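The structure under discussion appears below in the form of structure tokens.
Numbering (our numbering), first residue to last: 339 to 464.
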């Protein structure tokens with residue numbers, strides 16, 4: 339569920355970033371360059387600044403959602419200590435319920451978003 343919400347959040351972030359390019363950047367460029375009689379500034383924002391802001395906000399919202407949603411922990415039974423085992427090894431073991439490897443939902447979400455961004459850039463450049 340965490341991966342799905344992160345992917346959807348990245349898509350929403352991309353849409354919000356593209357729209358934000360017109361709300362924030364377009365008025366600034368019009369104020370610098372003057373009136374946009376033929377729509378050149380709008381096309382520049384739509385084809386260069388908009389996709390760049392969409393990619394940046396998609397990545398930012400992906401990591402924001404992954405940071406705000408904690409990973410699922412698995413409760414594990416605490417095993418009795420083995421007398422032949424090194425007593426210092428217990429300090430280096432992860433706490434119960436926490437896996438020692440990377441979170442697979444995080445890896446899936448980041449992988450899917452990166453593939454979507456790469457596919458979008460390839461499609462955009464033809």
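A virtual CB, placed ideally from N, CA and C, is assigned to each residue, including glycine. Being a predicted model, the structure only gives us computed values, none of them experimental.
In terms of CA proximity to residue 353, 389 leads the group 404, 389, 424, 379. Cβ-Cβ distances below 6 Å link residue 396 to 348, 351, 352 in the same chain, with the five nearest sequence neighbours on each side left out; the list follows chain order. When 344, 453, 386, 346 are compared, the shortest CA-CA separation from residue 364 is found for 386. Secondary structure at residue 365: helix, using DSSP grouped into helix, strand and coil. Under a 10 Å Cβ-count criterion, residue 369 is classified as exposed, with fewer than 16 other Cβ atoms of the shown protein chains found around its own Cβ. By the criterion of a C-beta distance shorter than 7 Å, residue 407 is surrounded in its chain by 340, 343, once the five residues flanking it on both sides are discounted. Here the C-alpha atom of residue 360 lies approximately 10 Å from the C-alpha atom of residue 391.
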